[in-house]
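Trainee: My structure is below; once you've seen it, I'll send some questions.
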Amino acid sequence: MSTPSIRVVVSEDDFDLGTEATALEAGPDTGAVVTFTGRVRDVADGLRHMQIEHYPGMTDAALTDIAQQAIARWPLSGVTVIHRYGKLRPGDRIMMVATASRHRDAAFESAAFLMDYLKSRAPFWKKEVTDQGEGWVASCDRDEAALDRWGKP
Amino acid sequence: MKLQVLYFAWLRERIGLGREDVVTEAATVADLIAELRAREDRYDLAFSDMTAVRCAVDQTLMPLDTSLVGAREVAFFPPMTGG
Chain A
-14 MSTPSIRVVV
-4 SEDDFDLGTE
6 ATALEAGPDT
16 GAVVTFTGRV
26 RDVADGLRHM
36 QIEHYPGMTD
46 AALTDIAQQA
56 IARWPLSGVT
66 VIHRYGKLRP
76 GDRIMMVATA
86 SRHRDAAFES
96 AAFLMDYLKS
106 RAPFWKKEVT
116 DQGEGWVASC
126 DRDEAALDRW
136 GKP
Chain B
-5 MKLQVLYFAW
5 LRERIGLGRE
15 DVVTEAATVA
25 DLIAELRARE
35 DRYDLAFSDM
45 TAVRCAVDQT
55 LMPLDTSLVG
65 AREVAFFPPM
75 TGG
């Protein structure tokens, strides 16, 4: 297999899921492409918008590092990680990961791995703004526990 | 030494700024936090629950006992909530 491709995008702008998935289909060896898309969901108090802050100097490197870890663990032909920041409204896409491999197991598992690491190792913070006020989204123990199954460092 | 210190999310809001230059002789991140807390109430409040504070030294996630020798940038933030 040739050198796996890594595509990392951190942007305020939306992305096109179809374009991103198709881009990973390069080469006859790629038998499986898995994509995951995260969207802003409404909350009980009625979400006006979500504000996503990030650490510009660190974000690209952190996402690239997570993608490289996935490539070291699974036989992948490509990994794409896209994460938006700024002001997002209910229903907006926040982020996506996509993985490509010869077989589905590697593509599914590595996509789950990327999501688990993104949740608590990529420097993003979400604030929810509702009619009742605003508040930072707290991390949950479940997210940290999710890393255990991958033998977290 | 002079460090660039960055704050994100509610740490930024409680302290009231996103970045500042700090002249310090602190040996570790924990020492730096102790110095900052002694400065003013807003710092003391921001760092009052250390279970909710994470740090990066030169843009890499590190534990609080990390040495500051050679460091240029230290960032403080709550647990990350990406995805």
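Going down the list, the protein sequences come from chains A and B.
This note's numbering puts the first sequence at residues -14 to 138.
This note's numbering puts the second sequence at residues -5 to 77.
All C-beta atoms, glycine included, are put in the ideal place defined by N, C-alpha and C.
Assess, as a yes-or-no matter, whether the region 84 to 102 of chain A is touched by the region 29 to 38 of chain A under the definition of 3 or more beta carbon pairs within less than 8 Å.
Mentor: no
Trainee: Chain B partners of R106(A), CB-CB under 9 Å?
Mentor: Within the first sequence, numbered from 1, the residue matching residue 106(A) stands at position 121. Result: L55, M74, G76.
Trainee: Opposite R(-8)(A) in the DSSP bridges: which residues?
Mentor: As a first step, residue -8(A) is located in the first sequence; it is residue number 7 there, counting from the start. BP columns for R(-8)(A) point to T65(A).
Trainee: Name, going along the chain, the residues of the region 74 to 102 of chain A whose beta-carbon falls closer than 7 Å to a beta-carbon of chain B.
Mentor: M80, M100
Trainee: Work out the CA separation of G71(A) and D38(B) for me, nearest whole Å.
Mentor: Numbered from its first residue, the second sequence carries residue 38(B) at position 44. Numbered from its first residue, the first sequence carries residue 71(A) at position 86. Computed Cα separation, rounded: 29 Å.
Trainee: Name, in chain order, the residues that DSSP records as bridge partners for K112(A).
Mentor: Residue 112(A) sits at position 127 when you count from the first residue of the first sequence. Note: K112(A) sits in a beta bridge opposite Q36(A), W121(A).
Trainee: Roughly how many angstroms lie between the CA atoms of S(-10)(A) and V17(B), to the nearest whole one?
Mentor: Against the first sequence, residue -10(A) aligns to sequence position 5. Against the second sequence, residue 17(B) aligns to sequence position 23. Cα to Cα, S(-10)(A) sits roughly 42 Å from V17(B).
Trainee: What first and last residue would you give for the beta strand (DSSP E) that runs through R24(A)?
Mentor: The residue labelled residue 24(A) in the question sits at position 39 within the first sequence. 17 to 24 is the span of the beta strand (DSSP E), which, as asked, contains R24(A).
Trainee: I'd like the list of long-range same chain contacts for V51(B), defined as Cβ closer than 6 Å, with 5 residues on each side in sequence excluded.
Mentor: Position 57 of the second sequence, counting from 1, holds the residue named residue 51(B). Cβ neighbours of V51(B) beyond the five flanking positions: T60, A65, V68.
Trainee: Closest Cβ-Cβ distance between M35(A) and chain B: below 8 Å?
Mentor: In the first sequence, counting from the first residue as 1, residue 35(A) sits at position 50. Under the Cβ distance rule, M35(A) does not count among the residues neighbouring chain B, no pair being separated by less than 8 Å.
Trainee: Compare the C-alpha of T44(A) against each of A57(A), V(-6)(A), W135(A), M100(A) and name the closest.
Mentor: Within the first sequence, numbered from 1, the residue matching residue 44(A) stands at position 59. Of all alpha-carbon atoms in A57(A), V(-6)(A), W135(A), M100(A), the one lying nearest the alpha-carbon of T44(A) is that of V(-6)(A).
Trainee: For L73(A), which beta-bridge partners are listed by DSSP?
Mentor: Within the first sequence, the letter at position 88 stands for residue 73(A). Under DSSP, L73(A) takes part in a beta bridge, and its partners are M35(A).
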